[in-house]
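Q:
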Amino acid sequence: EGLIEFYGSFREMFEFFCKHTTIHGTIRLVCSGSNRLKTAFWTLLLLASLAMLYWQFALMLSQFWAYPVVLTMSMHSEPKMFPAVTICNLDPYRFELVSEQLEQLERMAEESLTFLYGPKASARLFHLRDKDTARDRDMDTAGDMDKDTNMDTDTDRARTRASRGQGQANFSSAAFRLSQNFSLVRMWDPRAGKNQSRVGFRLCNSTGGSCFYSWHSSGLGAWFRFHYTNLMAQLGPGPARPPQHIQDLVYSCQYHGQPCRPSDYVHFHHPVFGSCYTFNSKGTDPFWTATKPGIPYGLSLILRAEQREHIPLLATVAGVKVMIHSHNQTPFLEHEGFHIRPGIATTIAIRQDQVNRLGGNYGKCTTDGADVAVELLYNNSYTLQACLHSCFQHAMLRRCGCGYFYYPLPAGARYCDYSRQPAWGHCFYQLYSQLRNHRLDCFQHCPKPCRESLYKVSAGTAKWPSAKSQDWVRQALRHQNGYSSSSSRRDIAKVTIFYRQLNSQAVHEAPLLSENLLLSGMGSQWSLWFGSSVLSVVEMLELLLDALVLALLFCFQRLRAGSGPGTPPSA
Amino acid sequence: AATAPGKKITARLKRTLPVRGPQAPTLSELMRWYCLNTNTHGCRRIVVSRGRLRRLLWIVLTLSAVGLILWQCAELLMNYYSASVSVTVQFQKLPFPAVTICNINPYKYSAMKEYLSELDKETKKALETFYGFSEGKSKVRRSVDDWNSTGSDFFQQIPLLKVEDFSRTATDLRSGQKRKIEGSVFHKDSSIVNSGDSNDIVGFQLCDANNSSECALYTFSSGVNAIQEWYRLHYMNIMAQIPLETKEKLSYSAEDLLLTCFFDGLSCDKRHFTRFHHPLHGNCYTFNSGENGTILSTSTGGSEYGLQVVLYIDEADYNPFLVTSTGAKIMVHDQNEYPFIEDIGTEIETAAVTSIGMHFTQSRKLSKPYSDCTETGADIPVENLYNKSYSLQICLHSCFQKAMVDSCGCAQYAQPLPAGAEYCNYKKNPNWMYCYYRLHEKFVKEQLGCQQICKDACSFKEWALTTSIAQWPSIVSEDWMLRVLSWDKGQKLNKKLNKTDLANLMVFYKDLNERFISENPTNTLVILLSNFGGQLGLWMSCSVVCVIEIVEVFFIDSLSIVMRRQWQRAKKWWNGRRARGGSGKAPQAGDVERQGHDNPVCIDEDLPTFTTALRLPLPQDSPLPRTPPPNYSTLRLETAFTEQLPDTLELDRH
């Protein structure tokens, strides 16, 4: 027997096929002999069943290729990591390098306040600054620090003063001058009535051809922030700042009834929210595993919520900002988080919810951000916010030629300030409104992450310390933790963050039609209409191949037979 | 000649009856027979295909189809126990949950004086020595000598220490003597918050009473935590000795705590509240506890139709060392659920109105084999110490209490008593605190096995709370409101109430939508079977019958053939041995072997079956040995092709 044996004739091949094929119907069609009626009947039947089959197949495949998903919910209760917690003291540091300009700016603010609201409004501000400068002068001349009252502030100042010499070398304050072009004006709003007015400042493009006002209903916060941004942009990324001590903010830290450890926090300075500390930012230390719900097993902090007012016009909120977020995530404090009041014990119950998206064909999402078109400027894990900020920063660099101060910079770029780019404000506000109106394609470029943890919080508050206990509590803090206030002002706060329940609700996307079920469905249809299987199709293929080979063979033979005795070869 | 008719009959019988599996003399015959007769696709091709490669290909194809079927069916089976979740949102009249309200301070400080005066004196002394803190400026600081004369029990039991970090020496508060610390040090301080002044670390030492070298030192960075923890230990000792009735009297009565009450727009009073004594929070009052059989419900959402109470928080009567915050603690829970106020209670503030909006969710999980949860808790080997329905928290607490009784010989104060045990106090169990701390550390580190034993409950109700706070009473309404409330409170308080002693609480449904999340099995047996059928049909057009066929042929018949072979061989050997070369029996054995297809009698005369026809050996005198024509005449198919096709002719000519 040969390796592959071919049929002697087409007839033989067909006969063989029709005898041995497993496809139902066909064998009858071919083999029902000369009975034409029968043949026609079977042909019709075969065609009809084929049509039904492929119609059903088409339905199923179109359904499959639409990649429908079902949402499934599940409750998990396995032990998990405590989330990362970021706390900020809402007291941005007054950088020595820009302090002179800052004072100038404050003076300008005072002038504006006087101009807009009368001389009374700026009195307090004046007073504050005078106190500030007086203290500075004190320190310079006497060099003696009043340890009890303002120790921390002053030591900070002393440190910066010491490092100012080196700092001054790479920073030339002469290059920057506060611009007088952006003065505040008041406009009466005709629609809102007589006593309603708006305050705003004018922003123009470089040629001055296009201008608009940035209007705000009250105050000069936005105006101050605008100038402050310009000012801070001088310092560039990662300005030299004095080392911060967590003791300045956190008096006591306990987790699971055990003290936190030195490695447990990360510090960064936010230009608006001040000194921030992130606990458990990596989420890898087994110390932070949450095994039980309840207040005793949560993170308990005693915080200093003193109002030091380094920059009074910027920090208008007293307290501490707390944000609960996932590990390895950049905390966007301007978007999320909540405030802790001084003099209050806040207990925050959290519950974790998870969202898992399928991604791939089933929807747009990204697992680690590697496949996103936008270059991420944050070196933390991917989040939608991080992507949007990065996208905006890139757009800003393209359109305005400089970077927005509150977002990180890509390599080789500079932050915007109006001494270099006088028109950046105009450019920025326009771009920002484009982003808001979804006219910037950032929302298209930034998919959602495939796995997201959401933390639902609910809070309870109680007065702390109580009237009866506050004396000894304050005394203990004063004696041990460098708590310096002697008055009974509300300047300490307590926060407890705990899991309300360890059950987390996870929302999953699951394919409605998996490959497995699709195949099952197809098999059912095939069996139902056609009674054949994949192997029958292979049989058909074999038949086709055989027919082809036979045809070629015969052609070749006929050619040879024709050319052999007939026409003489060209040779 | 005599045997001829009998033989003829058997031969005829064999011819007319189709060859059955077991009658095939060899295994290969059986396989051949199976492949030709089965309805399963693929197998037949292995036999009928021409050419070795073709055959090999078909074997591979068939086997891979079998493999695919097995793989897909395994996948179907593995996904069988999956659950889908249905969420239904119903708008209906919702039963109001039970609301438990406690004062943060458990017992009236003035009433507790007789039990706690010693301890408080000690605590004040400790504060004075450590921090130079003295209450009232008039008091003269006492000297250390005065200390020793009092012979304080508390410091002997658990000495408070000032620790010099790392040097492992500590200054005893009482004697002023430095002592070396032995045993393990448990730093309860965090060095991140440590101000660097190592003299300031305060802690206490717990020693094993039986073995005084076994000591554990607990230090805290903040004196606040250290003093409170130290105080609490002693407090629990004292409280453990007081009987429950006395404790209930020492705590707040319903009249003390509740000033006004409104529910669903109607006035309510203390009869709607059930007292419940919590070991750490004293007397708590549960609204709508369902104890009298009726559960209230609200007809409308919104703050008007919820529970609204004004609480009297007597801040002046607070224990300064036990609790440091002022306010009340509330918890919203199901009537059958035990309120773990100390774990997940929500605190509310004084001089403020706290509105708590609720959103009700009920969840139901499928129990085994879909997930590892328990319906009633009856299958958990931990005795439920609380007479409420099972929850994970109840199980964990009961488990810890049981471990405590087992290893320390007495029960922890904060949890209910198991049968036959009593609460720890150091008069009876001098060792319990060391034991407790060790055990609790094990519990937190999950070395007790409680977390492994305790499972989640399958169904639970949850009220998601949204809190908002506003100042209350407002400055303009303060005057008259306080006056009215003072009058309500009764004449015994002839002075006007202070607004920092009042808390207003509103608990209400935000909406009357009940969200019900339930898991349902995705697959049923019918779906699984139809999917199996689909897979079998898709790859091989196979069915259950063909599976039975396979079992029959490949197991039963094959086995019978092998057995028969063995039997014949044994018989032959036996006969051979007996007859010693006697050839009388041998041909008979040969006859048996030549049954079925091999029997040449079957071949010719009659109309052969499909099978026998196909497996005919090729005629030796065939003119074309390369393409042997099958014996189609048996199928009478010639009529379909009466004329010779031209290409065959051509081939012949060639």
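Chain order of the listed sequences is A and B. Residues 6 to 576 in the numbering used here are what the first sequence lists, from first letter to last. Residues 28 to 681 in the numbering used here are what the second sequence lists, from first letter to last. Every residue gets a Cβ at the ideal spot worked out from N, C-alpha and C, and that includes glycine. None of the values given here were measured: they were computed from a predicted structure.
1) Counting only the same chain and skipping the five closest in sequence on each side, list residues whose C-beta sits under 8 Å from that of A/TYR12.
2) How is the alpha helix (DSSP H) around B/CYS481 delimited, first residue to last?
3) Do A/ILE353 and A/ILE251 count as a contact pair if the criterion is CB distance below 7 Å?
4) Could you name the residues that DSSP lists as bridge partners for A/ARG578?
5) Mind checking if B/PRO347 is an interface residue toward chain A, Cβ cutoff 7 Å exclusive?
6) Please tell me whether A/CYS1 and A/PHE273 are closer than 7 Å, where the distance is taken between their beta carbons.
7) Grouping DSSP H, G and I as helix and E and B as strand, with all else coil, what is B/ASP235?
8) I need the DSSP call for A/ASN521, collapsed to helix, strand or coil.
9) What does B/ARG71 touch in chain A if you count any residue whose Cβ is under 8 Å from its own?
10) I'd like to know whether the C-beta of A/GLN485 is nearer than 7 Å to at least one C-beta of chain B.
11) Would you mind working out which of B/HIS386, B/GLU546, B/TRP594 sits nearest B/GLN119, comparing C-alpha positions?
12) Along the stretch 73 to 87 of chain B, what residues have a CB closer than 8 Å to any CB found in chain A?
13) Figure out for me which residue from A/GLN68, A/ALA323, A/GLY299, A/ARG362 has the closest Cα to the Cα of B/GLN420.
14) Please specify which runs of the beta strand (DSSP E), each continuous and at least 3 residues long, are wholly inside the stretch 92 to 134 of chain B, giving them in chain order.
15) Counting only Cβ pairs nearer than 9 Å, list the residues of chain A close to B/MET567.
16) What residue ranges within the stretch 345 to 399 of chain A form continuous beta strand (DSSP E) runs of no fewer than 3 residues, ordered along the chain?
17) Between which residues of its own chain and B/GLU374 is the CB-CB distance below 6 Å, once the five residues before and five after are set aside?
18) So the candidates are A/LEU436, A/ASN385, A/ALA114; which of them puts its Cα closest to the Cα of A/TYR409?
19) B/THR156 lies in the alpha helix (DSSP H); which residues open and close that run?
20) Any beta-carbon of chain A closer than 7 Å to the one on B/PHE427?
21) Going by beta carbon distance, what residues of the same chain come within less than 6 Å of B/ARG79, once the five residues before and after it are set aside?
22) How is B/TRP600 classed by DSSP in three states: helix, strand or coil?
23) Give the interface partners of A/LYS473 over in chain B, defined as CB-CB distance under 8 Å, in chain order.
24) If you drop the 5 nearest sequence neighbours on each side, which residues of the same chain put their C-beta closer than 8 Å to that of A/LEU445?
25) Could you tell me whether the stretch 377 to 395 of chain B touches the stretch 532 to 545 of chain B, using the rule of 3 or more Cβ pairs below 8 Å?
26) I need the DSSP call for B/LYS415, collapsed to helix, strand or coil.
27) Jot down the residue ranges of each uninterrupted beta strand (DSSP E) in the stretch 270 to 308 of chain A, minimum 3 residues, whole runs only, in chain order.
28) Spatial neighbours of B/GLU402 within its chain, please: C-beta separation below 6 Å, excluding the five flanking residues on both sides.
29) Could one say the Cβ of A/ASN521 lies closer than 7 Å to chain B's Cβ atoms, at least one of them?
30) When DSSP builds the beta bridges, which residues end up paired with A/GLN510?
31) Between A/THR77 and chain B, is any beta-carbon pair separated by less than 7 Å?
32) Measure the CB-CB distance between A/LEU540 and B/ALA92 and report whether it falls below 7 Å.
33) Report the partner residues of A/MET579 according to the DSSP bridge assignment.
34) If we ignore side chains and look at the alpha-carbon of each, how far apart do B/TYR279 and B/ASN310 end up?
35) Quick one: what does DSSP say A/THR26 is sitting in, helix, strand or coil?
36) Please list, in chain order, the chain A residues whose beta carbon lies closer than 9 Å to that of B/GLY560.
A: A quick look at the data gives this:
1) Position 7 of the first sequence, counted from the first residue, corresponds to residue 12 of chain A. Answer for A/TYR12: MET18, PHE21, ASP551, LEU555, listed in chain order.
2) Locating residue 481 of chain B in the second sequence gives position 454, counting from the first residue. Taken as a continuous stretch (DSSP letters only), B/CYS481 belongs to no alpha helix (DSSP H), as it is neither H nor E.
3) Your numbering for residue 251 of chain A matches position 246 in the first sequence. Your numbering for residue 353 of chain A matches position 348 in the first sequence. Their beta carbons are not under 7 Å apart, which means A/ILE251 does not touch A/ILE353 by this criterion.
4) Here chain A covers residues 6 to 576 and nothing more, so residue 578 of chain A does not appear.
5) Here the question's residue 347 of chain B lines up with position 320 in the second sequence. Answer yes: the Cβ-Cβ gap between B/PRO347 and chain A drops below 7 Å somewhere.
6) Residue coverage of chain A in this structure runs from 6 to 576, which leaves residue 1 of chain A outside it and unanswerable.
7) Stepping through the second sequence from its first residue, residue 235 of chain B is reached at position 208. Three-state result, B/ASP235: coil.
8) Numbered from its first residue, the first sequence carries residue 521 of chain A at position 516. Of the three classes helix, strand and coil, the one that applies to A/ASN521 here is helix, per DSSP.
9) In the second sequence, counting from the first residue as 1, residue 71 of chain B sits at position 44. What B/ARG71 touches in chain A: HIS25, THR27.
10) One-based indexing of the first sequence puts residue 485 of chain A at position 480. Yes - at least one Cβ of chain B is within 7 Å of the one on A/GLN485.
11) By one-based count along the second sequence, residue 119 of chain B stands at place 92. Ranking B/HIS386, B/GLU546, B/TRP594 by Cα distance to B/GLN119 puts B/HIS386 first.
12) VAL75, ARG77, GLY78, ARG79, LEU80, ARG81
13) On the second sequence, position 393 is the one that residue 420 of chain B refers to. It is A/GLY299 whose Cα lies nearest to the Cα of B/GLN420.
14) 110 to 118, 125 to 130
15) For the purposes of this step, residue 567 of chain B is identified with residue 540 of the second sequence, where counting begins at 1. The answer, in chain order, is SER538, VAL539, LEU540.
16) 349 to 361
17) Translated into the one-based positions of the second sequence, residue 374 of chain B becomes position 347. GLY354, LYS356, listed in sequence order.
18) Here residue 409 of chain A refers to the residue found at position 404 when the first sequence is read from its first residue. Looking at the Cα atoms, A/LEU436 is the closest of the given residues.
19) Position 129 of the second sequence holds residue 156 of chain B. That run of the alpha helix (DSSP H) goes 136 to 158.
20) On the second sequence, residue 427 of chain B is found 400 positions in, with the first residue counted as 1. No, B/PHE427 does not count as interfacial toward chain A.
21) Along the second sequence, one-based indexing puts residue 79 of chain B at 52. None.
22) The residue given as residue 600 of chain B occupies position 573 in the second sequence. Helix at B/TRP600.
23) Walking along the first sequence from the start, residue 473 of chain A turns up at place 468. The contacting residues are TYR136, GLU342, ALA343, TYR345, ASN346, PRO347.
24) Residue numbering aside, residue 445 of chain A sits at position 440 when the first sequence is read from its first letter. Here the set comprises CYS396, PHE397, ALA400, LEU436, GLN439.
25) yes
26) Indexing the second sequence from 1 puts residue 415 of chain B at position 388. In the structure shown, B/LYS415 sits in coil (DSSP, three-state: anything other than H, G, I, E or B).
27) As far as the stretch 270 to 308 of chain A is concerned, its whole beta strand (DSSP E) runs of at least 3 residues are 270 to 275, 279 to 284.
28) In the second sequence, the residue the question calls residue 402 of chain B occupies position 375. Excluding residues within five positions, the ones whose Cβ falls inside 6 Å are SER394, CYS485.
29) By 1-based counting over the first sequence, the position of residue 521 of chain A is 516. With 7 Å as the cut-off, A/ASN521 counts as an interface residue toward chain B.
30) Counting from one through the first sequence, the residue named residue 510 of chain A turns up at place 505. Answer is A/MET80, A/ASP358, bridged to A/GLN510.
31) Within the first sequence, residue 77 of chain A is the residue found at index 72, counting from 1. So yes, A/THR77 belongs to the interface.
32) As a position in the first sequence, residue 540 of chain A is number 535, starting the count at 1. As a position in the second sequence, residue 92 of chain B is number 65, starting the count at 1. It is a contact, given that the beta carbons lie within the stated cut-off.
33) Not covered by the structure: residue 579 of chain A. The range shown for chain A is 6 to 576.
34) Here residue 279 of chain B is taken as the residue at index 252 of the second sequence, counted from 1. Here residue 310 of chain B is taken as the residue at index 283 of the second sequence, counted from 1. About 6 Å.
35) Start at 1 with the first residue of the first sequence, and residue 26 of chain A comes out as number 21. Three-state result, A/THR26: coil.
36) As a first step, residue 560 of chain B must be located in the second sequence, where it is residue number 533. Correct list: SER525, GLY528, SER529, SER532.
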